[in-house]
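Protein chains in written order, with this note's numbering: chain R, 13 to 440; chain F, 13 to 440. Backbone N, C-alpha and C fix where the C-beta goes; we use that ideal spot for every residue, glycine too. Note that this is a predicted model, so its numbers are computed, not measured. See below for the structure under consideration.
If you want it as structure tokens, here you go:
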């Protein structure tokens with residue numbers, strides 16, 4: 013038995029209109045991927061009986077397994093059972109065990125079993141029930157054209173449990189261990205997708221074809237994913253992951269689902285250090301990213317959002333003369349801001365940013381996208397001037413992430429120059 | 013010309029693996045729905061050239077319009093242009109105008125144009141370019157089997173702009189006025205979907221069947237959408253929108269895509285007032301939401317992120333005795349915080365929040381989800397204690413939004429009690 017070909021068929025008017033964003037198919041795909049099964053294709057259609065029947069017929073001739081999601085509810089636009097019966101050329105019959113489930117389900121909740129609900133027990137003759145312990149809609153299984161068809165409920169929590177407890181065990185029974193997929197991910201900051209691809213082409217020209225390389229932009233991070241289905245998958249992925257680690261160096265934030273803010277809070281916490289943040293153009297975003305992490309209070313006491321010059325002086329003791337002579341967006345001002353924040357908060361490390369987020373407020377000398385960052389400790393303050401001429405939103409997110417990354421690099425004692433400093437430095 | 017038959021084809025390994033939840037197709041569907049075009053079917057597949065070619069060929073024989081999303085990037089797994097060329101039996105050629113776009117795009121960002129990026133200019137011969145003003149990947153149009161095929165980028169912001177500015181105008185040119193759909197939306201804060209539906213059932217029982225009512229949770233806002241395709245659509249939607257306005261009152265933030273932060277900045281700006289924010293449990297999120305809005309500097313000078321008790325005293329002059337006697341999460345502390353922020357910043361209005369975001373740090377007396385908010389001006393400070401026992405992320409977002417909403421209600425001189433105060437008040 014080899015890895016089966018799997019397709020998904022989703023039905024729902026709300027999915028087609030865009031009123032609901034489909035997260036069910038991602039959930040199914042991830043659950044299947046964990047046991048080495050990949051979804052090849054998915055089709056999403058509105059609740060229309062004819063179209064549903066035609067899709068089921070067509071897909072059943074293309075693959076080994078079809079998972080249908082949605083259309084098991086009590087209302088008139090729920091028609092999966094009916095469509096499957098027509099496609100399989102079977103009668104729709106009231107299923108005694110499904111009725112029993114409905115009776116029990118209503119009894120537990122003190123509901124009266126309505127005629128609408130009874131419709132949920134009308135299933136294609138000869139199908140096998142799949143238990144739904146969370147909802148009224150039972151799942152069911154039927155084979156058409158040698159394709160195994162599983163019908164699942166649209167409610168995410170019910171679907172998730174039915175997949176994990178009932179369907180996945182049925183599907184994996186037949187897959188041998190040595191055919192399972194190995195997946196490993198890393199999160200990268202400061203290198204674009206094309207830069208990473210170029211580096212690999214140049215520095216790792218013998219990259220094995222069996223290891224599929226995938227990129228996902230989770231702005232401003234890039235997720236790099238290594239997938240292998242070879243018999244040597246585990247060993248091979250580990251080896252090439254290591255080579256990739258050496259290639260990308262400290263641009264790697266961490267493994268799997270690592271996030272910059274979580275990594276920074278963890279490092280600070282481990283080293284018993286505290287961070288303070290003085291923000292102008294990011295307006296509280298850096299502080300907000302740090303405090304999103306549970307446990308931030310161990311490493312963060314104070315943030316200063318000093319949007320005006322007056323407040324830079326009042327809150328952070330930036331000399332009025334500095335602001336007059338060099339302006340708010342200057343090396344001198346961010347140094348004074350970070351010194352002020354460090355002195356007042358008595359934190360170990362500090363970040364200060366001041367820039368032109370745009371879309372207005374730029375000048376020839378200080379255009380939209382220009383930003384000064386100062387970071388470090390009172391005895392060792394670094395500065396850089398970057399140029400990020402994008403949307404206001406992107407600018408604020410990139411500057412926040414770069415600031416956190418610069419603190420991360422201090423904490424891991426990195427000696428590398430990050431690519432975003434060599435590539436995106438503002439040319440005066 | 014009647015309403016065209018539309019299908020979507022999405023390509024991306026990350027979509028199939030479940031690493032990315034597809035929100036692009038919902039966005040496309042909503043944009044099309046606003047001009048009365050419905051999507052009939054969508055197919056999602058991994059980045060595989062053969063499968064892509066086959067899907068394009070098959071779909072082009074089934075509908076009038078095919079929108080392909082994704083696969084326009086610079087890497088090897090981006091193969092939409094190549095697949096379309098094969099399906100159309102055309103050569104892949106370097107497009108001079110696409111090259112020009114790439115050159116300009118790189119020049120503006122001080123990037124070197126790499127060979128990988130040049131691949132983005134290799135397009136099917138005879139295709140028409142569709143401008144992408146935000147990214148490197150140009151869109152393009154080609155007809156196969158009398159089906160109009162539009163290729164669009166996977167980056168959501170780029171897709172959204174290309175759809176709105178380029179593709180929608182092309183598609184609507186041929187639809188007569190009397191077949192156009194009328195859609196009107198409002199954004200609501202503080203009332204749930206089921207509460208709104210219940211209010212409508214009770215207070216507006218004669219709601220016409222021709223006006224479809226849709227809800228979309230854009231947490232923490234709810235978007236309420238009225239859609240009509242009747243010949244009286246325009247008049248009818250306007251009338252019932254007005255009735256809904258009277259029913260939901262000041263819970264309505266604004267029309268169409270109104271956002272709380274934008275509305276608050278606009279109102280402050282119109283009234284020449286300034287806001288200051290003192291945050292504990294929201295950790296900079298409220299300030300960050302205000303400063304996301306371009307022009308925030310007119311209405312916002314300073315924010316204080318005082319995460320520790322020491323910093324509440326040092327930055328906001330909260331009396332140490334107040335903190336000792338009542339604790340950080342108390343009415344007395346938030347009043348002192350907002351007074352401190354107003355005094356130091358000399359702003360007209362202020363917000364102060366202090367609560368238990370969780371998941372740890374709660375006690376029997378002050379459980380996770382409890383939050384004190386103080387808001388108003390120095391001569392009129394209001395307070396409320398809410399209970400939002402959800403995830404840390406939801407808690408922070410809800411508290412930020414409620415805070416901004418309370419300021420909005422002062423600015424519009426609202427005399428209503430918001431539902432979230434009557435329903436979610438903490439019971440001591």
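Quick one: what does DSSP say residue i is sitting in, helix, strand or coil?
i, result
"residue 410 of chain R", "helix"
"residue 327 of chain R", "helix"
"residue 290 of chain F", "strand"
"residue 319 of chain F", "coil"
"residue 345 of chain R", "helix"
"residue 20 of chain F", "strand"
"residue 427 of chain F", "coil"
"residue 47 of chain F", "coil"
"residue 437 of chain F", "strand"
"residue 392 of chain R", "strand"
"residue 78 of chain F", "strand"
"residue 62 of chain R", "helix"
"residue 57 of chain R", "strand"
"residue 13 of chain R", "In this prediction, residue 13 of chain R scores a pLDDT of 44, lower than 50, which makes its location untrustworthy; no coordinate-derived value is stated."
"residue 52 of chain F", "strand"
"residue 416 of chain F", "helix"
"residue 183 of chain F", "helix"
I'd like to know whether the C-beta of residue i is nearer than 8 Å to at least one C-beta of chain F.
i, result
"residue 47 of chain R", "no"
"residue 76 of chain R", "no"
"residue 308 of chain R", "yes"
"residue 241 of chain R", "no"
"residue 420 of chain R", "no"
"residue 13 of chain R", "Since pLDDT at residue 13 of chain R reaches only 44, below the 50 mark, its modelled position is unreliable, and the value read off the structure follows with that caveat. For residue 13 of chain R, the answer is no, since every Cβ of chain F falls outside 8 Å of its Cβ."
"residue 108 of chain R", "no"
"residue 366 of chain R", "no"
"residue 35 of chain R", "yes"
"residue 426 of chain R", "no"
List, in order along the chain, the chain R residues whose C-beta lies closer than 7 Å to that of residue i?
i, result
"residue 1 of chain F", "Outside the shown range of chain F, which is 13 to 440, sits residue 1 of chain F, and nothing can be said about it."
"residue 326 of chain F", "356"
"residue 312 of chain F", "319"
"residue 413 of chain F", "Simply none; closest approach about 14 Å."
Interface residues of chain F around residue i at Cβ under 7 Å?
i, result
"residue 227 of chain R", "87"
"residue 29 of chain R", "41, 45"
"residue 372 of chain R", "306"
"residue 303 of chain R", "295, 296, 319"
"residue 315 of chain R", "296, 317"
"residue 206 of chain R", "86, 87, 126, 128, 129"
"residue 322 of chain R", "313"
Is the distance from the Cβ of residue i to the Cβ of residue j below 8 Å?
i, j, result
"residue 178 of chain R", "residue 151 of chain R", "yes"
"residue 114 of chain R", "residue 140 of chain R", "no"
"residue 168 of chain F", "residue 25 of chain F", "no"
"residue 382 of chain R", "residue 364 of chain R", "no"
"residue 89 of chain F", "residue 34 of chain R", "no"
"residue 302 of chain F", "residue 275 of chain F", "no"
"residue 18 of chain R", "residue 79 of chain R", "yes"
"residue 236 of chain F", "residue 194 of chain F", "no"
"residue 99 of chain F", "residue 77 of chain F", "no"
"residue 304 of chain R", "residue 304 of chain F", "no"
"residue 409 of chain F", "residue 231 of chain F", "yes"
Compare the C-beta of residue i against all C-beta atoms of chain R and say whether one is closer than 8 Å.
i, result
"residue 51 of chain F", "yes"
"residue 336 of chain F", "no"
"residue 331 of chain F", "no"
"residue 32 of chain F", "yes"
"residue 25 of chain F", "yes"
"residue 258 of chain F", "no"
"residue 405 of chain F", "yes"
Consider the C-beta atom of residue i and the heavy atoms of the ligand PLP; say whether any pair is separated by less than 7 Å.
i, result
"residue 96 of chain R", "The ligand PLP is not among the ligands present in this structure, which contains no ligands whatsoever."
In chain order, each alpha helix (DSSP H) run of at least 4 residues that lies wholly inside the region 190 to 217 of chain F: Unbroken alpha helix (DSSP H) stretches of 4 residues or longer found wholly inside the region 190 to 217 of chain F: 205 to 215, given in chain order.
Complete runs of the beta strand (DSSP E) confined to the region 92 to 168 of chain F [at least 3 residues]: 104 to 106, 134 to 136, 140 to 142, 151 to 156, 159 to 164
Length-filtered (3 minimum) beta strand (DSSP E) runs lying within the region 215 to 300 of chain R: 223 to 230, 233 to 240, 264 to 267, 287 to 291
Ranges of the beta strand (DSSP E) found wholly within the region 330 to 389 of chain R, counting only runs of at least 3: 361 to 367, 382 to 389
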